[in-house]
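K.L.:
Mind having a look at this structure? Questions to follow.
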Amino acid sequence: MIHVFLIIFLITLFYLSIANRMLTYIKVLALQGMILFAVSFMQLSEINTLNLVLILLETIVFKSLAVPLFLAYVLKRNRITREAEPFVPNFVSLIIVTLIVVSTVLLSYSIHDVHLDRMFFVVAFSSLMTGLYIIASRRKIITHVMGYMIIENGVFILSLAVGNEMPAMVNLGIMLDIFASVLILGIFLNKIGDVFKNVDIDQLSNLKDY
Amino acid sequence: MTLVYIIVVLISGITIILNRSTIVNYAMLILFIIVQCLFPFVVLSNKGATQLSYFTFDSIGILLLCTLSIISIPAAWHGYIYIKTHNETRQSRAIYFSALIMLISAISLGVVSNHIAFTWIFTEITTLAASALIYHHRNKLALEGTWKYIFICAISITFVYVGILFLNLALRATGSHDLSYASLMEHRNGLNTFWLKLSFLFIFTGFTAKMSLVPMFTASIDAKDTAPAPAGALLATGLINLGFIGFFRIYVIMANTPLHKWTNILIGTAGILSVFMATVYMLRVKNIKRMLAYSGMEHMGIVMIGIVSGGIGYYAAILHIILHSFIKSGLFFQFTQIYRVFQNKNIYYTGYYFRYNVTGAIALLAGFFCITAIPPSGMFVSEFLIFKSLFDSHMLLVMIVLFVLLTTIIWAFGKNVFRLLFQPPVAFDDSNVPVISPWESTSQFILFALAVWLGFNPPPEFVSLIKESVMLLPN
Chain A
1 MIHVFLIIFL ITLFYLSIAN RMLTYIKVLA LQGMILFAVS FMQLSEINTL NLVLILLETI
61 VFKSLAVPLF LAYVLKRNRI TREAEPFVPN FVSLIIVTLI VVSTVLLSYS IHDVHLDRMF
121 FVVAFSSLMT GLYIIASRRK IITHVMGYMI IENGVFILSL AVGNEMPAMV NLGIMLDIFA
181 SVLILGIFLN KIGDVFKNVD IDQLSNLKDY
Chain B
1001 MTLVYIIVVL ISGITIILNR STIVNYAMLI LFIIVQCLFP FVVLSNKGAT QLSYFTFDSI
1061 GILLLCTLSI ISIPAAWHGY IYIKTHNETR QSRAIYFSAL IMLISAISLG VVSNHIAFTW
1121 IFTEITTLAA SALIYHHRNK LALEGTWKYI FICAISITFV YVGILFLNLA LRATGSHDLS
1181 YASLMEHRNG LNTFWLKLSF LFIFTGFTAK MSLVPMFTAS IDAKDTAPAP AGALLATGLI
1241 NLGFIGFFRI YVIMANTPLH KWTNILIGTA GILSVFMATV YMLRVKNIKR MLAYSGMEHM
1301 GIVMIGIVSG GIGYYAAILH IILHSFIKSG LFFQFTQIYR VFQNKNIYYT GYYFRYNVTG
1361 AIALLAGFFC ITAIPPSGMF VSEFLIFKSL FDSHMLLVMI VLFVLLTTII WAFGKNVFRL
1421 LFQPPVAFDD SNVPVISPWE STSQFILFAL AVWLGFNPPP EFVSLIKESV MLLPN
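Note that the protein sequences, when read in sequence, are chains A and B.
All letters in the first sequence, in the order written, are residues 1 to 210 by the working numbering.
All letters in the second sequence, in the order written, are residues 1001 to 1475 by the working numbering.
Structural data, given as structure tokens:
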């Protein structure tokens, strides 16, 4: 069952690579949050109640509710256009994400570790790379933030793979997630929206060497 | 004592934020600086001890902590001058000083922590503190710099976290779950090499954002450009050292596994590429602060090459990073005076600096000789030893390339500095040039002199600390 959820997560990555509307990105991010909860609920069998509550807060409340709602609010408030405006055509994006997944699968076959479920590694690593790719190939600052969220989701899956023996690592990851996201989203996206009217990375090129 | 230090940090930081009266602010700042300077003495007297279970006072930690404490005194003093001359509001002063305290204390605790997760947490705290400092001016440029810094640092911190997760997987084969450096060293032979490789790759890439190395150097350059110069001095020295120690502690473990050669190829490539990129940018750069930032990138590249060359190169690399900290911070402190005279960062609109600020100009000239490793600079010794070590390890090609690149950098750096000192400025109205007290340059002269002294006549305790730091590395 865990594998089914992980595969659905992988499919969401493909979907993100060809998504055109900003709202689609937000909805997919919310869906990913729910999948993460399902996976962590099943994977972390020996977990105590306190940790479970923490994970519930992180995945459902933070990843599927707070962040998407906030992103939708930012979209509306700054009147950001609905298009994702990628630098490359969607078809090329799809090919690249496919290549990422295929190469991760190939990489996973060079692992000789009986303790690790390969599936976790493939999904986590692909989502890390896809997040980086989305950051590099999209024009808007808000899509960069979404790319970062995808990276975080990948990292969360990876931390689940080692989580049963080391719940401290999962907690540390959650701390990172909330810290960085709140910092990026809360303080800056709002400020940038106020100062730079059109929230586009082309505007962030005034720091020069000469 | 570590507990006392943490309590003082919290009290002074929070008081500055809550109570914005001038006297309270500066009293708290002075209290913090006194404790910051006492901390290394306590650490030195408890060498090798572990406090609060996560802080171990080993040689490399002591060295970098002492360096930071020495720099923090002029950083606070020049910060005070900066705030005074810019007529800052109480709010922005409070944020500036509490962020400064947070940055210095996070670096201090990060360099002595004995657990990779703690080094990581303190690195994360420095991101927060540094972004408050970078955003100090609250204008468009500051916002752009802060956004880039936060975003790239968030990604780099995530990379380090992924690296720690992989390290966890590597350690699993040994049956241990303890991620402290001592435990990793103990189990080094049982670590799974595949995970270890992947882990080092991510940890190193993550820390390059703090270390100003290829590939993630861009954000740190922007940060040093937009932050006020006294804070930039800390970003260009203390923060780089924190990134270095995060990398170095893992490197020591890697060097004792069969992956040593692979690791050396990786960091050697990053090192030489950093020097190359720094050279390319230095040839074109017109912004004085960015020029200093690129020079930091060049020196970190040299440090990496020194570590790769092995033997005496290890010693030279540690010496180099300490001397670089003193000289580079001195140059950043000097920049505050340049900006007050010309009100411009661009080298085109500056000139005849000798006419407007004689002491400052001499300090700048001394700093230029020190940073380009021209004798009597202490850096001459460390760079000479690195070249010797490259020669001994038969890395002649690297040596020649490095030689050419460094010569080009000296030329580019010299061209800009001499223009600033001796050539006439373009469109500069000198009727309102402020008089700058020569006393403001004292700290710079002391820092440069310290670098000369430590390079040419290092005290035996200092030498033995460096030797102990690199003791675990194979020859």
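We treat Cβ as the ideally placed atom computed from N, Cα and C, and that holds for glycine.
1) Could you name the residues of the segment 1207 to 1236 of chain B whose beta carbon sits closer than 9 Å to any beta carbon of chain A, in the order they occur along the chain?
2) Taking C-alpha atoms, which residue in N20(A), A19(A), L23(A), I35(A) lies nearest to V4(A)?
3) Put E1440(B) into one of helix, strand or coil per three-state DSSP.
4) For P1376(B), I'd like the list of residues in its chain whose CB is within less than 6 Å of its CB, leaving aside the five on either flank, ordered along the chain.
5) Start and end of the alpha helix (DSSP H) containing E58(A)?
6) At a Cβ cut of 8 Å, what residues of the segment 62 to 75 of chain A count as close to chain D, listed as they run along the chain?
7) Leaving out five residues before and five after Q1051(B) in sequence, what residues of the same chain have Cβ atoms less than 6 Å from its Cβ?
8) Out of T1279(B), G1296(B), F1342(B), G1311(B), point me to the one whose CA is closest to I1322(B)'s CA.
9) For I1294(B) versus V1303(B), is the C-beta spacing smaller than 8 Å?
10) Excluding the 5 residues flanking F1380(B) on each side, which residues of the same chain have their C-beta closer than 6 Å to its C-beta?
11) Quick one: which chain B residues come within Cβ less than 7 Å of G173(A)?
12) With the cut-off set at 8 Å, would you say I1016(B) and A1075(B) are in Cβ contact?
13) Taking its Cβ as the centre, do 16 or more other Cβ atoms sit within 10 Å of G1330(B), making it buried, or is it exposed?
14) Does the Cβ of N1357(B) have 16 or more other Cβ atoms within 10 Å, making it buried, or fewer, making it exposed?
15) Mapping the DSSP letters down to three states, classify L1055(B) as helix, strand or coil.
16) For my contact list, N1256(B) and L1472(B) are in at a C-beta cut-off of 8 Å; report their separation, rounded to the angstrom.
17) Relative to the alpha-carbon of M1300(B), which residue among Q1337(B), T1237(B), K1140(B) has its alpha-carbon at the smallest distance?
18) Is it buried or exposed, T1263(B), if we count other Cβ atoms within 10 angstroms and call 16 or more buried?
19) Looking only at C-alpha atoms, which of M1028(B), C1066(B), L1109(B) sits nearest to I1006(B)?
20) Here's the rule: buried if 16 or more other CB atoms are within 10 angstroms of the residue's CB, otherwise exposed. What is I1221(B)?
21) Would a C-beta distance cut-off of 8 Å place P213(A) and L29(A) closer than the cut-off?
22) Throw me the rounded Cβ distance for the Q32(A) and N206(A) pair, which I believe falls under 8 Å.
23) Relative to chain A, which residues along the segment 1156 to 1180 of chain B have a C-beta separation below 7 Å, given in chain order?
24) Cβ atoms of Y133(A) and I95(A): under 8 Å apart, would you say?
25) Thinking I157(A) and V123(A) are a contact (beta carbons under 8 Å), I'd like their distance in whole angstroms, please.
26) Quick one: Cα of L183(A) to Cα of T59(A), how far?
27) Identify whether H144(A) lies in helix, strand or coil by the three-state DSSP scheme.
28) What residue range is occupied by the uninterrupted alpha helix (DSSP H) comprising D1222(B)?
29) Decide yes or no for the touch test of the segment 1433 to 1452 of chain B against the segment 1029 to 1047 of chain B: beta carbon pairs closer than 8 Å, at least 3 of them.
30) Please tell me whether S40(A) has its Cβ less than 8 Å away from any Cβ of chain B.
31) I'd like the ranges of any alpha helix (DSSP H) spanning at least 4 consecutive residues and lying wholly in the segment 1426 to 1474 of chain B.
32) Of the residues that make up the segment 1188 to 1201 of chain B, which ones have a beta carbon closer than 8 Å to any beta carbon in chain A?
33) For P86(A), which three-state DSSP category applies?
34) Going by alpha carbons, who is nearest to A84(A) out of M175(A), N78(A), M22(A), T98(A)?
35) Can you tell which of K1140(B), V1275(B), K1047(B), M1282(B) has its C-alpha closest to the C-alpha of F1057(B)?
36) Check the Cβ of V162(A) against every Cβ in chain B and list those closer than 8 Å, keeping chain order.
P.N.:
Judging by the given coordinates:
1) The residues in question are I1221, D1222, D1225, T1226.
2) I35(A)
3) helix
4) V1452
5) Segment: none, E58(A) is in no alpha helix (DSSP H) and carries neither H nor E.
6) Of the chains in the structure shown, none is chain D; the protein chains are A and B.
7) Exclusion of the five residues before and after Q1051(B) leaves T1002 as the residues of its chain whose Cβ lies within less than 6 Å of its Cβ.
8) G1296(B)
9) What sits at residue 1294(B) in the sequence shown is Tyr, not Ile. No, the pair does not count as a contact, with Cβ atoms beyond the cut-off.
10) Annotation for F1380(B): A1373 place their beta carbon closer than 6 Å to its own, counting only its chain and skipping 5 residues before and after.
11) Y1161
12) no
13) It is buried - the Cβ of G1330(B) has at least 16 other Cβ atoms within 10 Å.
14) buried
15) At residue 1055(B) the sequence reads Phe, which differs from the Leu that was named. Three-state result, F1055(B): strand.
16) Rounded, the Cβ-Cβ distance is 7 Å, consistent with contact.
17) T1237(B)
18) buried
19) L1109(B)
20) buried
21) Not covered by the structure: residue 213(A). The range shown for chain A is 1 to 210.
22) The Cβ separation is near 34 Å, so there is no contact.
23) Contact residues of the segment 1156 to 1180 of chain B toward chain A are I1157, T1158, Y1161, V1162, L1165, N1168, L1169, R1172, H1177 (C-beta to C-beta distance below 7 Å).
24) It is not a contact, given that the beta carbons lie outside the stated cut-off.
25) 6 Å
26) 18 Å
27) helix
28) Segment 1218 to 1226, the alpha helix (DSSP H) holding D1222(B).
29) no
30) no
31) 1442 to 1456, 1460 to 1469
32) N1192, F1194, W1195
33) strand
34) M22(A)
35) Checking every option, the nearest Cα to that of F1057(B) belongs to K1047(B).
36) L1165, N1168, L1169, R1172
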